[in-house]
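Residue numbers (my numbering): 4 to 569. All residues carry an ideal CB built from backbone N, CA and C; glycine is no exception.
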Amino acid sequence: MSFLSHSRSSIDLNYASALRSLVFIILSASLWTAFCYRKKRQGGSSLSQLPGPKMKSWLKGNHMQIFNLKHGWEFHKMLAEQCRFPLYIRFEDAIKAFIDGPAVLVKGLLGRKQLYTFDHKILYHVLVKDGSSFEPLQVGSGAVLFGPGLTNAVGTHHRKQRKMLNPVFSIAHMRSMLPIFYDVVDQIDLLGWMARTALELIGQSGFGYSFDNMVEDVPKHKYSIVMKELQPTLTRLGFGRIYILPLAIKLLPTNVRTFIMNITPWKTLHDARDMINYMHNLSVSIYEEKKRALEAGDEAVTRQIGQGKDLMSILMRENMKADDEDKLKESELIAQVCTFIFAAMETTSTAMARILHLLALHPDVQDKLRQEITSARKEFEGGRLSYDVLVALPFLDAVCRETLRLYPAAPTILRRSTEDVVVPISRPVRGKDGTEITEVFLPKSTPVVISLLNANRSPELWGPDVLEWKPERWLSPLPDSVTDSKSPGVYSHLMTFSGGSRSCIGFKFSQLEMKAVISMLMENFKFSLPPNKKILWQMAAVASPVVAEGNGYPELPLIVESVNCV
Numbered sequence: 004m005s006f007l008s009h010s011r012s013s014i015d016l017n018y019a020s021a022l023r024s025l026v027f028i029i030l031s032a033s034l035w036t037a038f039c040y041r042k043k044r045q046g047g048s049s050l051s052q053l054p055g056p057k058m059k060s061w062l063k064g065n066h067m068q069i070f071n072l073k074h075g076w077e078f079h080k081m082l083a084e085q086c087r088f089p090l091y092i093r094f095e096d097a098i099k100a101f102i103d104g105p106a107v108l109v110k111g112l113l114g115r116k117q118l119y120t121f122d123h124k125i126l127y128h129v130l131v132k133d134g135s136s137f138e139p140l141q142v143g144s145g146a147v148l149f150g151p152g153l154t155n156a157v158g159t160h161h162r163k164q165r166k167m168l169n170p171v172f173s174i175a176h177m178r179s180m181l182p183i184f185y186d187v188v189d190q191i192d193l194l195g196w197m198a199r200t201a202l203e204l205i206g207q208s209g210f211g212y213s214f215d216n217m218v219e220d221v222p223k224h225k226y227s228i229v230m231k232e233l234q235p236t237l238t239r240l241g242f243g244r245i246y247i248l249p250l251a252i253k254l255l256p257t258n259v260r261t262f263i264m265n266i267t268p269w270k271t272l273h274d275a276r277d278m279i280n281y282m283h284n285l286s287v288s289i290y291e292e293k294k295r296a297l298e299a300g301d302e303a304v305t306r307q308i309g310q311g312k313d314l315m316s317i318l319m320r321e322n323m324k325a326d327d328e329d330k331l332k333e334s335e336l337i338a339q340v341c342t343f344i345f346a347a348m349e350t351t352s353t354a355m356a357r358i359l360h361l362l363a364l365h366p367d368v369q370d371k372l373r374q375e376i377t378s379a380r381k382e383f384e385g386g387r388l389s390y391d392v393l394v395a396l397p398f399l400d401a402v403c404r405e406t407l408r409l410y411p412a413a414p415t416i417l418r419r420s421t422e423d424v425v426v427p428i429s430r431p432v433r434g435k436d437g438t439e440i441t442e443v444f445l446p447k448s449t450p451v452v453i454s455l456l457n458a459n460r461s462p463e464l465w466g467p468d469v470l471e472w473k474p475e476r477w478l479s480p481l482p483d484s485v486t487d488s489k490s491p492g493v494y495s496h497l498m499t500f501s502g503g504s505r506s507c508i509g510f511k512f513s514q515l516e517m518k519a520v521i522s523m524l525m526e527n528f529k530f531s532l533p534p535n536k537k538i539l540w541q542m543a544a545v546a547s548p549v550v551a552e553g554n555g556y557p558e559l560p561l562i563v564e565s566v567n568c569v
């Protein structure tokens, strides 16, 4: 019996090993075929003539430089500076290039040609005018991770979801959510709870659901932990997530992908799988609870947190009233839960953390902001500021805008052409052969790396102090160079929230959340830097703060003192 068991175990191991080898051979052959096809197709295009940095790896191209956690900032800064002051350069002994303009050739998997740009004219065509000819690069893998929500839908599915969601984020609904924001923020007393705050804000105002009772001795909700660990985990998957997963989605059915994922000896992959399964199951639970309340009638809804004014209640009511051809599927509604939470918690909590870090670095700005907020509260006799007063506070608005300009939470976004397309450049770029390039031909499936970071940091638009954090620049009329730039950004001549039909639909929600939280924190607390800890920001899909000599886990340790005790 023992012998038979041992033999069966050996056969199983040999079978799994052979299967993994077969999968590796199939994927390798597919990658090589795709590489040869694309090389032949892109060989003579103007994209090939663009200048750019040398590949650091024949396999990964410039990927590990563009998305480098520690040194990515320097790489992007180098590309921007060389575009403005062209010369032969070297960067960490890995790059040698002659760059002359805001359109740069970078390499991806197996040397695949990609366009790196922050040129406003190119961005206008990619995101607005020719937006239907481009889609998010990771739309397939995104749908696997988060479901068929707004950020992962394409074509008619995206237009239908956007049409249904637009009224949900109206100013009228934002006004009704401010009291919910205040109710949550009133309970905060430590900076370390910023992620819990963002999760609870989107929970109550987004779904009428409470993740966290905001009590100090009670552990944070598991969803909060998962959401903060998800982005670093996905970043560690990096190369596999961006290149291998989309290929697997295209070539393999779901059950085969699941089987391969389960037998692959990669802990990071299994951690990501478990996180996504947990998020999906909780999203289904939240949706089903909301659905039961709506079916039970208005009284049941009003008994829920948010009294039926939350985003999900509004969305589901609108969906019930919609014509059959406009209705969203149940799977699409469930996917919005993950989409809303990820967007609201990750990006907005990062923006709020960045503001607090900057205010700790600039105590004079912090004092000025606190004075503005306390003066406004006195006019309300210590009561809560109304929506109109809060959003109109000039210096609070300036602090938020300047932070979003200089430090967009998502430094880059990725697009892919869905057909052959030609995009013009705002000014000629000198090609490798010395000729001037005024437009770039992008064959179908060409990736485009859009640097939101560098698009917001153009000295030609913002002046020589563009890299300085100066909220005061927003208290005066903006330079003509900015207002005349025709930036395709949906927000304040900035690319922070992208532009076009795929711009961030919740950018007003994000601004309101930031202002509500920061205003209440400033009135009650003073923030300063710890004496023996240097805080750095890692470049990932969403930037995150870490302690220089720490364990690399996202954290922002600040000294928090009560204003009344200072």
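Which listed residue (the options) has its alpha carbon closest to that of residue i
| i | options | result |
| --- | --- | --- |
| leucine 118 | Pro411, Val493, Phe137 | Phe137 |
| glutamate 573 | Trp477, Glu439, Leu336 | Here the chain comprises residues numbered 4 to 569, so residue 573 is not present and cannot be evaluated. |
| glutamate 552 | Lys536, Ala546, Leu561, Ser565 | Lys536 |
| leucine 561 | Tyr226, Leu361, Ile266 | Leu361 |
| proline 480 | Pro467, His496, Leu407, Trp472 | His496 |
| serine 135 | Thr421, Glu439, Ile247 | Thr421 |
| arginine 178 | Pro534, Lys253, Val394 | Val394 |
| valine 426 | Met278, Ser454, Lys132 | Lys132 |
| arginine 387 | Phe530, Phe184, Phe78, Ala412 | Phe184 |
| glutamate 471 | Pro446, Arg408, Thr449 | Arg408 |
| alanine 519 | Val392, Tyr127, Asn258 | Val392 |
| valine 229 | Val566, Pro557, Asn567 | Pro557 |
| serine 60 | Ala106, Arg115, Ala379 | Arg115 |
| glutamate 463 | Gln164, Gln207, Asp483 | Asp483 |
| glutamate 475 | Leu532, Leu399, Pro411, Ala546 | Leu399 |
| lysine 529 | Val485, Leu359, Lys57 | Leu359 |
| histidine 273 | Arg239, Val469, Ile174 | Arg239 |
| phenylalanine 510 | Gly243, Met58, Pro411, Leu297 | Pro411 |
| tryptophan 269 | Leu255, Asn258, Tyr290, Leu237 | Leu237 |
| threonine 154 | Asp468, Val549, Ser501 | Ser501 |
| histidine 161 | Pro534, Ser378, Ile521, Leu336 | Leu336 |
| alanine 175 | Asn527, Thr261, Asp313 | Asp313 |
| glutamate 439 | Ser531, Gly104, Trp465, Arg380 | Gly104 |
Beta-carbon proximity of residue i to residue j, cut-off 8 Å
| i | j | result |
| --- | --- | --- |
| methionine 172 | isoleucine 416 | It is worth fixing the name first, because residue 172 is phenylalanine in this sequence and not methionine. Contact: no. |
| alanine 354 | leucine 559 | no |
| asparagine 322 | methionine 180 | no |
| valine 402 | leucine 364 | no |
| serine 504 | valine 493 | no |
| alanine 413 | threonine 350 | yes |
| glycine 437 | leucine 53 | no |
| serine 286 | valine 340 | yes |
| alanine 338 | glycine 152 | yes |
| proline 491 | tyrosine 127 | yes |
| leucine 112 | glycine 64 | yes |
| aspartate 122 | serine 429 | yes |
| glutamine 638 | isoleucine 245 | Lying before the first or after the last residue shown, residue 638 is absent from the chain, which here runs from 4 to 569. |
| lysine 293 | methionine 264 | no |
| methionine 498 | alanine 458 | yes |
| valine 566 | alanine 106 | no |
| lysine 447 | aspartate 329 | no |
| arginine 418 | proline 182 | no |
| valine 452 | valine 129 | no |
| valine 424 | leucine 445 | yes |
| lysine 124 | methionine 58 | no |
| methionine 525 | isoleucine 376 | yes |
Rounded distance between the beta-carbons of residue j and residue i, thought under 8 Å
| i | j | result |
| --- | --- | --- |
| threonine 449 | leucine 50 | 7 Å |
| serine 461 | histidine 79 | In fact, because the Cβ distance is near 13 Å, the residues do not count as touching under 8 Å. |
| asparagine 150 | serine 334 | As written in the sequence, residue 150 is glycine, which differs from the asparagine given in the question. Confirmed, Cβ separation roughly 7 Å. |
Minimum Cβ-Cβ distance from residue i to chain D less than 8 Å
| i | result |
| --- | --- |
| leucine 62 | Looking at the structure shown, chain D is missing, and only one protein chain is on hand. |
beta-carbon residue i near the ligand GTP non-hydrogen atom, thresh 7 Å
| i | result |
| --- | --- |
| glutamate 384 | With respect to the ligand GTP, the structure offers nothing, as it holds no ligand at all. |
### Query
What are the complete beta strand (DSSP E) segments, minimum 3 residues, inside the region 485-521?
492-494, 497-502
### Query
Is it a yes or a no for the region 538-545 touching the region 69-81, going by three-plus beta-carbon pairs under 8 Å?
yes
### Query
Unbroken alpha helix (DSSP H) runs of length 4 or more, entirely within the region 131-157: which are they?
142-149
### Task
Identify every run of the alpha helix (DSSP H) within the region 447-472, keeping only runs that are complete inside it and at least 4 residues long; order them along the chain.
455-458, 462-465
### Message
My parser needs the alpha helix (DSSP H) runs of 4 or more residues fully inside the region 311-363; what are they?
### Response
314-324, 333-345
### Query
Counting Cβ pairs closer than 8 Å, one from the region 508-517 and one from the region 139-146, do we hit at least three?
no
### Task
Report yes or no: do three or more beta-carbon pairs, one from the region 235-252 and one from the region 279-291, lie closer than 8 Å?
no
### Segment contact, 8 Å Cβ cut-off, at least three pairs: the region 343-353 with the region 228-235
yes
### Task
At 3 residues or longer, and completely inside the region 239-300: list those beta strand (DSSP E) runs for me, N to C.
none
### Task
May I have a chain-ordered list of the beta strand (DSSP E) segments no shorter than 3 residues that lie completely inside the region 412-449?
415-420, 424-433, 439-445
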